[in-house]
Amino acid sequence: MNRRVVVTGLGICAPNGIGLKDFTKAMIDGKSGIRFIPELEELKFGCQIAGEPLITDTILNTYFTPLQLRGLNATGIIYGVIAGTDAWRDAGLPKTEKDHPDWDSGILFGTGTLGVAKFREAIYQIDAKNVRRLGSTSVIQTMASGISAYLGGILGCGNQVTTNSSACTTGTEGVLMGYERIASGRAERMLVGSCSDSGPYVWAGFDAMRVLPRNYNDNPEKGSRPMSASATGFVPGSGAGALVLESLESAQKRNAKIYGEVLGGAVNSGGQRGDGSMTAANSEAVQRCIVQAVENSRIRKSDIDTINGHLTATTKDALEIENWSKALGRQGGDFPYINSFKGLFGHCLAASGSMECVASLLQFEQGKLFGNVNCEDIHPEIVNQVDSDKIPQKTIVHEPKILAKASFGFGDVNACVIFKRFNDET
Amino acid sequence: MTQEEHYSKLKDIMKIYLPEDVSTNDITAESHFINDLNINSANLVDIILDVEDEFDIMLENDDMEKMQTVQDALQIIDAKLSEK
Chain A
1 MNRRVVVTGL
11 GICAPNGIGL
21 KDFTKAMIDG
31 KSGIRFIPEL
41 EELKFGCQIA
51 GEPLITDTIL
61 NTYFTPLQLR
71 GLNATGIIYG
81 VIAGTDAWRD
91 AGLPKTEKDH
101 PDWDSGILFG
111 TGTLGVAKFR
121 EAIYQIDAKN
131 VRRLGSTSVI
141 QTMASGISAY
151 LGGILGCGNQ
161 VTTNSSACTT
171 GTEGVLMGYE
181 RIASGRAERM
191 LVGSCSDSGP
201 YVWAGFDAMR
211 VLPRNYNDNP
221 EKGSRPMSAS
231 ATGFVPGSGA
241 GALVLESLES
251 AQKRNAKIYG
261 EVLGGAVNSG
271 GQRGDGSMTA
281 ANSEAVQRCI
291 VQAVENSRIR
301 KSDIDTINGH
311 LTATTKDALE
321 IENWSKALGR
331 QGGDFPYINS
341 FKGLFGHCLA
351 ASGSMECVAS
361 LLQFEQGKLF
371 GNVNCEDIHP
381 EIVNQVDSDK
391 IPQKTIVHEP
401 KILAKASFGF
411 GDVNACVIFK
421 RFNDET
Chain B
427 MTQEEHYSKL
437 KDIMKIYLPE
447 DVSTNDITAE
457 SHFINDLNIN
467 SANLVDIILD
477 VEDEFDIMLE
487 NDDMEKMQTV
497 QDALQIIDAK
507 LSEK
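Order-wise, the sequence lines are chains A and B.
Note that the numbering used here gives residue 321 to position 321 of the first sequence, counting from 1, and the numbers run on in steps of one.
Note that the numbering used here gives residue 479 to position 53 of the second sequence, counting from 1, and the numbers run on in steps of one.
Here it is, written out as structure tokens:
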């Protein structure tokens with residue numbers, strides 16, 4: 001069985017906008033969510049800029065009961081619940097009533113590490129021999145599946161409710177796993193997405209690896225520079241993105257709004273062989289992933305008019321462009337339009353794939369290509385492969401028909417999904 | 427603080443843990459936390475932490491096992507306060 005799967009709801013909690021309305025406007029206008037973070041300076045980080053959603057008490061009280069807020073110290077859960085419940089509501093779906101879950105709706109909500117601040121709180125209590133002070137929510141806030149569990153209970157989903165984790169590939173992989181579950185007939189609806197905690201305890205490891213920029217602390221909005229000649233590392237971010245995937249039958253039966261269709265995709269790994277390593281992608285594997293995504297979606301390489309890349313602002317950006325170019329057999333003026341959203345909200349790690357899938361689909365809805373920022377000085381190794389016209393520096397009018405979105409993560413893991421403008425023909 | 431004040435503070439502490447269909451008006455001295463008020467048994471440990479913080483007392487394992495009803499809680503609070 002291989003049923004058609006469409007996207008009927010979107011939700012977003014991003015450093016440059018919480019909720020679809022604010023986020024869409026920020027992406028159109030090129031508004032950055034990267035800010036100087038005083039705590040990182042106090043803790044003597046090299047990189048003192050980052051992206052975090054601006055969560056107010058009003059927002060917290062909208063999404064959580066007083067009981068849920070008691071002792072809640074997991075920003076990933078906050079972001080994920082906001083994005084997930086918004087996507088569900090955006091899809092026009094209700095929370096299930098009290099007695100039975102919706103057996104046909106599941107959740108696949110990923111993360112990298114979860115509840116890092118809560119765990120730190122617990123660790124100090126434990127080391128001080130105060131185990132009792134942990135309270136009843138320490139476990140559920142820090143278990144990796146905490147986010148899917150929270151959403152499962154809020155929405156009342158009775159199909160598979162789980163959390164995937166594949167570093168920066170998590171969100172994009174989640175879209176494909178949710179798609180497969182519906183396409184094979186095992187669910188009607190899947191809320192897919194991913195979240196990432198904010199804060200020094202998540203970001204420190206990357207600072208220690210010296211992969212974050214250190215010379216933009218006084219100029220945060222210029223710090224995240226995918227595809228730029230002056231990029232010196234990725235700017236860490238945080239947040240969550242969520243999508244409601246639904247079988248076409250179910251969507252049409254209830255007259256749901258459709259953002260686009262998931263045609264298919266591919267996931268693979270470079271096995272950390274060849275030129276791959278724990279932290280760098282194997283080019284052969286990246287190209288295979290893209291090629292297989294195209295084949296699985298039953299399109300031609302020339303059908304892709306828009307790409308949203310992984311493009312984090314490290315020295316590997318030019319190599320990613322080369323891999324896209326070789327995989328699709330396209331270059332110069334024939335290369336598709338390409339952008340990276342990381343310039344505006346940073347690299348949100350496990351949340352990046354889903355947040356970027358949400359933004360990709362908003363481009364379908366808006367009939368626009370969101371502009372790149374901070375790459376007026378496109379890297380010379382990119383310009384000699386792709387026409388600079390294909391790397392717009394500001395938002396342009398453009399109606400994507402077929403969009404490829406890929407993420408490449410630590411562990412040498414890859415995922416590429418193909419979205420299509422929805423039309424009714426079978 | 428008087429008995430009345432203890433009772434009132436305890437009800438305030440319990441409020442956040444009551445399910446949607448139970449109000450603080452439903453609470454009586456004999457109310458069993460789990461069986462009468464439908465409080466999630468997982469939250470009993472949280473109620474105990476809140477009681478400890480509010481009254482500045484420390485509850486031992488035995489105390490916690492004995493705390494099944496509102497009356498039980500009030501008795502334990504009284505006992506701990508008079509020990510201080």
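Every residue, glycine too, gets a C-beta built ideally from N, C-alpha and C.
{"Query": "I439(B) to V477(B) span [Cα, whole Å]", "Result": "7 Å"}
{"Query": "Through-space distance from K98(A) to F419(A), alpha-carbon basis", "Result": "35 Å"}
{"Query": "P213(A) versus T315(A): straight-line alpha-carbon distance, rounded", "Result": "12 Å"}
{"Query": "Within-7 Å CB hit, P66(A) to chain C", "Result": "Reference to chain C is not applicable here, since the protein chains of this structure are A and B."}
{"Query": "Beta-carbon spacing of I37(A), F23(A) below 7 Å", "Result": "no"}
{"Query": "Burial state of R219(A), where buried means 16 or more other Cβ atoms lie within 10 Å", "Result": "The sequence shown places Asn at residue 219(A), rather than the Arg named in the question. Counting Cβ neighbours within 10 Å, N219(A) comes out exposed, since fewer than 16 surround it."}
{"Query": "Beta-carbon separation (whole angstroms), V244(A) vs R189(A), contact threshold 8 Å", "Result": "6 Å"}
{"Query": "Residue nearest to I474(B) in terms of C-alpha spacing, selected from M427(B), N487(B), K510(B) and D462(B)", "Result": "N487(B)"}
{"Query": "N372(A) and A285(A) closer than 7 Å at C-beta", "Result": "no"}
{"Query": "Where S446(A) meets chain B, residues with beta-carbon distance less than 7 Å", "Result": "As displayed, chain A neither begins before 1 nor continues past 426, which places residue 446(A) out of reach and without an answer."}
{"Query": "Identified DSSP bridge partners for N414(A)", "Result": "N268(A) and F408(A)"}
{"Query": "is_contact[I442(B), chain A] using C-beta, thresh 7 Å", "Result": "yes"}
{"Query": "Chain-ordered chain A contacts of L475(B) [CB-CB under 7 Å]", "Result": "R133 and G135"}
{"Query": "I28(A) versus G205(A) - alpha carbon distance", "Result": "32 Å"}
{"Query": "Close Cβ partners of Q494(B) (< 7 Å) along its chain, the five nearest in sequence each way excluded", "Result": "H458 and F459"}
{"Query": "Run of the alpha helix (DSSP H) containing R120(A), from where it starts to where it stops", "Result": "V116 to D127"}
{"Query": "Member of A240(A), K394(A) and T162(A) whose CA lies at the smallest distance from the CA of C195(A)", "Result": "A240(A)"}
{"Query": "Among K31(A), V116(A), P94(A) and E42(A), nearest to N73(A) - alpha-carbon criterion", "Result": "V116(A)"}
{"Query": "Identified DSSP bridge partners for K253(A)", "Result": "K253(A) is not bridged to any residue."}
{"Query": "N384(A) to Q331(A) span [Cα, whole Å]", "Result": "9 Å"}
{"Query": "Proximity test, C416(A) beta-carbon vs the ligand GTP heavy atom, cut-off 6 Å", "Result": "The ligand GTP is absent from the structure shown, which contains no ligands of any kind."}
{"Query": "Neighbour-count burial assignment, L114(A), 16 or more Cβ in a 10 Å radius", "Result": "buried"}
{"Query": "Collapsed DSSP secondary structure at V235(A) in the structure displayed", "Result": "coil"}
{"Query": "Pairwise C-alpha distance: S467(B) and A350(A)", "Result": "34 Å"}
{"Query": "Euclidean distance between Cα positions of S277(A) and N217(A)", "Result": "30 Å"}
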